[in-house]
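Working notes, beginning with the structure itself.
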Amino acid sequence: MLEIVQKVLLILIVFSSAASLFLLLVTRNVFRKNALSPQTTTEKLPPVSILKPLRGEDPELEQNLEAFFSQDYPEYEIIFACEDTDDSALAVVQAIQKRFQQIPVKVKADKTSYGYNPKVNNLIRAYSAASYNIILTGDSDVRPPRNYLRMIVTELLKDNNKMVVNPIYGRGDSSLGSILETLHLNSLILSGIAFLSIYRKKLAGFGKSMLFRKSDLETVGGFIGLKDFFAEDYVLAERISKLPGKCHIARMLLPCITSQRSLQQFINRHGRWAQARRRIAGWSYPAELLANPVWWGLLYAAINLFSWAGVRVFALAAIFKILLDGYQGMAVAKNRKLASYFLIPLKDLLTGIIWFYPLVTDTVYWRGVRLRVTAGTELKEAGRRKVLGVRLPNISIRRWLSHSDS
Numbered sequence: 192m193l194e195i196v197q198k199v200l201l202i203l204i205v206f207s208s209a210a211s212l213f214l215l216l217v218t219r220n221v222f223r224k225n226a227l228s229p230q231t232t233t234e235k236l237p238p239v240s241i242l243k244p245l246r247g248e249d250p251e252l253e254q255n256l257e258a259f260f261s262q263d264y265p266e267y268e269i270i271f272a273c274e275d276t277d278d279s280a281l282a283v284v285q286a287i288q289k290r291f292q293q294i295p296v297k298v299k300a301d302k303t304s305y306g307y308n309p310k311v312n313n314l315i316r317a318y319s320a321a322s323y324n325i326i327l328t329g330d331s332d333v334r335p336p337r338n339y340l341r342m343i344v345t346e347l348l349k350d351n352n353k354m355v356v357n358p359i360y361g362r363g364d365s366s367l368g369s370i371l372e373t374l375h376l377n378s379l380i381l382s383g384i385a386f387l388s389i390y391r392k393k394l395a396g397f398g399k400s401m402l403f404r405k406s407d408l409e410t411v412g413g414f415i416g417l418k419d420f421f422a423e424d425y426v427l428a429e430r431i432s433k434l435p436g437k438c439h440i441a442r443m444l445l446p447c448i449t450s451q452r453s454l455q456q457f458i459n460r461h462g463r464w465a466q467a468r469r470r471i472a473g474w475s476y477p478a479e480l481l482a483n484p485v486w487w488g489l490l491y492a493a494i495n496l497f498s499w500a501g502v503r504v505f506a507l508a509a510i511f512k513i514l515l516d517g518y519q520g521m522a523v524a525k526n527r528k529l530a531s532y533f534l535i536p537l538k539d540l541l542t543g544i545i546w547f548y549p550l551v552t553d554t555v556y557w558r559g560v561r562l563r564v565t566a567g568t569e570l571k572e573a574g575r576r577k578v579l580g581v582r583l584p585n586i587s588i589r590r591w592l593s594h595s596d597s
């Protein structure tokens with residue numbers, strides 16, 4: 192029996208290594224066009240409303256927001272939205288606004304809750320003040336170059352495109368969570384976007400940067416129709432893709448700033464993302480684990496009680512994956528921090544463990560609130576905790592400890 196398990200694991204290691212190589216080639220092919228000269232139009236460009244949801248002062252927030260104030264574009268406005276007028280991010284906005292007084296800025300801050308998704312709540316606030324038909328939603332942790340807005344609007348206007356989505360790559364500092372986040376964004380996440388765009392003919396809606404028309408948004412139900420969805424970006428892209436026209440992945444990759452993130456933040460974030468992907472990908476969700484030779488290499492070493500032969504197989508799988516992810520990180524994402532690539536095995540082992548999270552529970556903690564993620568990533572109030580399909584009694588360890596202390 193042990194010999195059969197060993198052979199199966201060896202087959203999985205070889206298969207997952209081949210799958211990783213295949214994804215690298217797909218990603219390189221899809222994003223090769225980003226190395227070409229930027230294409231812009233000489234026609235008059237329409238004005239744009241940029242919606243920026245905010246919550247607290249993220250690392251490097253000022254530099255990220257300043258990049259939007261610095262766009263080489265004839266006419267646009269930026270609308271910031273948050274829940275609290277005392278939000279620390281608004282002080283950053285005010286400081287930047289003094290240096291860019293030529294850019295129209297609006298701020299919408301109130302505590303009205305429209306649904307379970309706090310980001311959508313902010314988008315609803317910002318959207319209510321939008322003046323123009325072209326809408327851009329962008330997160331506060333991306334930092335685009337000056338020609339970003341000009342390029343994506345040009346892409347929206349041509350070929351009857353209904354939506355333009357920018358893929359991202361990670362760029363951060365030397366904190367452990369930042370390194371792991373950067374490595375993961377530049378490998379599996381980027382490859383997943385490339386794969387979906389070619390082989391499943393789907394636009395991987397990615398909320399870091401989405402450009403579309405107000406008229407199309409209203410046709411599919413507006414932001415209010417997204418208020419109770421966890422992956423609101425995916426749902427919006429799916430709905431707009433059903434309109435006549437095309438959804439398009441932009442030529443430009445945007446840097447996502449991952450600085451000052453802890454290991455716990457990395458695990459929490461990708462635990463939530465795994466919940467979303469599990470309910471979006473369906474039958475193809477297992478493919479993520481089948482492209483992780485490091486995970487299968489560790490299992491092979493463990494089944495062999497970490498003998499020299501088992502450890503050697505694990506080491507070969509890890510080295511192979513370091514070379515693949517390292518090449519993709521340097522070629523596509525321009526990550527030249529060579530020492531960081533030695534943490535790829537740790538990243539793959541952690542994501543291998545995280546992969547099982549949505550299989551054992553359907554709940555997420557999002558900004559301190561426990562919610563249940565259902566089909567299509569629709570959010571519902573979490574009742575009793577569900578583990579392996581069984582709903583458990585509501586037992587609060589914190590409440591139990593407080594009673595025991597009394």
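The opening residue of the sequence shown carries number 192 in this note's numbering; numbering runs sequentially from there. Glycine residues also receive a C-beta, built at the ideal position from the N, C-alpha and C atoms.
In this structure, K243 sits away from E274, with a CB-CB distance that is not shorter than 7 Å.
W499 sits exposed, since fewer than 16 C-beta atoms from the chains shown fall within 10 Å of its C-beta.
Residue pairing by DSSP places M401 opposite T328 and V356 in a beta bridge.
Rounded to whole angstroms, the gap between the alpha carbons of W546 and G488 is 16 Å. Contact between R404 and I325 holds, with the beta-carbon distance rounding to 6 Å and staying under 8 Å. With a beta-carbon spacing of about 11 Å, F457 and G363 fall beyond the 8 Å limit used to define contacts.
According to DSSP, V239 shares a beta bridge with Y267 and I325. V502 is positioned such that its CB atom lies no closer than 7 Å to that of P536. The Cβ neighbour count for N351, taken over all protein chains shown within 10 Å, is under 16; the residue is labelled exposed.
Judged by beta-carbon spacing, H439 lies within the 7 Å limit of V355, meaning their Cβ atoms are closer than that value.
By the Cβ neighbour-count rule, M192 is exposed, with fewer than 16 other Cβ atoms within 10 Å of its own. A contact between stretches requires three or more CB pairs, one per stretch, nearer than 8 Å, and the region 327 to 341 meets this requirement with the region 246 to 265. A buried status is given to T449, since no fewer than 16 other beta-carbon atoms sit within 10 Å of its beta-carbon. Restricting attention to L201, R430, E194 and L215, the CA atom closest to the CA of L514 is found in L215. Going by DSSP, L529 is part of no beta strand (DSSP E) at all; its letter is neither H nor E. Exclusion of the five residues before and after S211 leaves A482, P484, K512 and L515 as the residues of its chain whose Cβ lies within less than 7 Å of its Cβ.
One alpha carbon belongs to L245, the other to V284, and they sit about 10 Å apart.
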